[in-house]
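Let me begin by presenting the structure, written as structure tokens, before commenting on it.
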Amino acid sequence: MANVKTAYRTHTCGELRMEHVGQTVTLAGFLENFREVGASLGFVVLRDFYGTIQVVAETEEMVKTIKALNKESTIAVTGVVRERDSKNPKLPTGEIEVVPEKIEVLGRCRHNELPFQVNRSREADETQRLRYRYLDLRNPEVKNNIILRCQVVAALRAAMIDHGFMEITTPILTASSPEGARDYLVPSRKHPGKFYALPQAPQQFKQLLMASGFDKYFQIAPCFRDEDARGDRSPGEFYQLDMEMAFAGQEDVFAVLEDVLPPIFAKYGAYNVASEAPFRRISYLEAMDKYGSDKPDLR
């Protein structure tokens, strides 16, 4: 795990284990839940980006401090790590707990009731989820989608660079070029009545780079298209891996993709398996004759 030690914390909520027992630590995160057992005993679930941990308030003062806070308030807890009497094998931190010596309120949640339970936000109305997106993104299932995208893009970059490709970022504001979908247009402040277009794909720039002698280029490219949503594409914008190779034939391009894509799908795909090289080749005439489509889904 990356070093996260700052002025507000020494460890994350997800990293403490039995080897930390006896250490004084400072944690910072969201107050996920508080279960009051008595006037001088209560159990707190503290959550940050990396996980959750149990904090045990064992004084009347500590219980009052926490009880006065609404769920999802941001707090910093300084205390001693100890072994739990009743361990929770379902949690990575389930063998230990923290007994606080000090609790600092960093950001108080003003609402007594949340619009939805964070851990069940996917069941909430979509309008509510979008209005309170900062709560929706705290849901581990939603958060993990963003983490997955980060990991896939990082793996793509590493694989393409390892194959000798250079990553080049092409302009976002450009001249309009007639392609398949409508352009998004951005008015120019300095030239009234004139507009920039957002590129549907960096095709012109890729061709310019190739003609200029950049031998192997790739980009995780944003593509802007004023069109309706599709099953595999968000409306407005989506991203794709673009690549160009100079002095190469079709099989050379296939060879790179057959090497780059399967390990990424095997590692991050839902089924942890991927097609092995060589990929099956289907000619255009065979595809149209047999399946009625030039991109048949053979799964």
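Those letters in the sequence shown? Residues 1137 to 1435, per our numbering, in order. We put the beta carbon where it would ideally sit given N, CA and C, even for glycine.
For this session: Give the straight-line distance between the Cα atoms of N1248 and V1289, rounded to the nearest whole angstrom.
Result: 39 angstroms
Problem set entry | For P1225 and T1305, the rounded distance between their alpha carbons | 46 angstroms
Exercise. For E1368, which of helix, strand or coil comes out of DSSP?
Worked result: Note that residue 1368 is Asp in the sequence shown, not Glu. Of the three classes helix, strand and coil, the one that applies to D1368 here is coil, per DSSP.
Problem set entry | First through last residue of the alpha helix (DSSP H) which encompasses I1308 | Per DSSP, I1308 belongs to no alpha helix (DSSP H) and is neither H nor E.
Exercise. For the alpha helix (DSSP H) that R1197 lies in, which residues bound it at each end?
Worked result: For clarity, residue 1197 is Glu in the given sequence; the question names Arg instead. Unbroken alpha helix (DSSP H) run through E1197: 1196 to 1203.
Exercise. If E1231 sits next to R1220, beta carbons under 8 angstroms apart, how far is it from one beta carbon to the other, in whole angstroms?
Worked result: 6 angstroms
Problem set entry | Opening and closing residue of the alpha helix (DSSP H) in which Q1264 lies | It spans 1262 to 1267 - the alpha helix (DSSP H) in which Q1264 sits, taken as one unbroken run.
For this session: Can you give me the start and stop residues for the beta strand (DSSP E) that C1359 sits inside?
Result: Bounds of the beta strand (DSSP E) holding C1359 are 1352 to 1361.
For this session: Using only alpha-carbon positions, find the residue among T1195, V1216, T1188 that is nearest to E1208.
Result: T1188
Problem set entry | Identified DSSP bridge partners for P1323 | P1323 pairs with F1331.
For this session: Note down the Cα distance separating V1396 from D1298, rounded to an integer number of angstroms.
Result: 10 angstroms
For this session: Let me know the secondary structure DSSP gives K1342 once reduced to three states.
Result: helix
Problem set entry | C-beta contact flag for E1233 and Q1190 at 7 angstroms | yes
Problem set entry | Option in E1240, P1276, G1372 with minimal Cα separation from N1255 | Cα-wise, what sits closest to N1255 is P1276.
Exercise. Is it true that the CB of D1362 sits closer than 7 angstroms to the CB of R1318?
Worked result: yes
Exercise. In terms of alpha-carbon separation, which member of V1180, Y1186, K1200 lies closest to V1213?
Worked result: V1180
Exercise. For P1437, which option in G1329, F1252, A1337 has the closest C-alpha, if you only look at C-alpha atoms?
Worked result: Absent from the model: residue 1437. The displayed extent of the chain is 1137 to 1435, so no value can be given.
Problem set entry | Other residues of its chain near P1251: CB distance less than 8 angstroms, five sequence neighbours each side excluded | A1260, Q1264, R1267, Y1268, L1271
Exercise. Does DSSP classify D1430 as helix, strand or coil?
Worked result: coil
For this session: Counting only runs of 3+ residues fully inside the region 1182 to 1241, write out the beta strand (DSSP E) ranges in chain order.
Result: 1187 to 1193, 1210 to 1219
Exercise. Between the region 1406 to 1425 and the region 1385 to 1396, do at least 3 Cβ pairs fall closer than 8 angstroms?
Worked result: yes
For this session: Pair every Cβ in the region 1369 to 1382 with every Cβ in the region 1402 to 1410, then say whether three or more of these pairs are closer than 8 angstroms.
Result: no
Problem set entry | Segment limits, beta strand (DSSP E) that includes V1173 | 1160 to 1174
Problem set entry | Boundaries (first-last residue) of the alpha helix (DSSP H) holding Y1404 | 1386 to 1404
Exercise. What is the rounded straight-line gap between the Cα of P1399 and the Cα of Q1287?
Worked result: 13 angstroms
Exercise. At least one CB of chain D closer than 7 angstroms to the CB of T1305: is that the case?
Worked result: Chain labels in this structure do not include chain D; a single protein chain is all it has.
Exercise. So, using beta-carbon positions, are L1167 and L1227 closer together than 7 angstroms?
Worked result: no
Exercise. What residue from T1195, R1171, D1184 has the CA that sits closest to T1146's CA?
Worked result: D1184
Problem set entry | Distance, Q1343 Cα to D1364 Cα | Using only the alpha carbons, I get a separation of about 28 angstroms.
Problem set entry | Buried or exposed (CB count within 10 angstroms, at least 16 for buried), Q1355 | Residue burial annotation: Q1355 is buried, with at least 16 other C-beta atoms found within 10 angstroms of its C-beta.
Exercise. Any idea what DSSP makes of L1152, helix, strand or coil?
Worked result: coil
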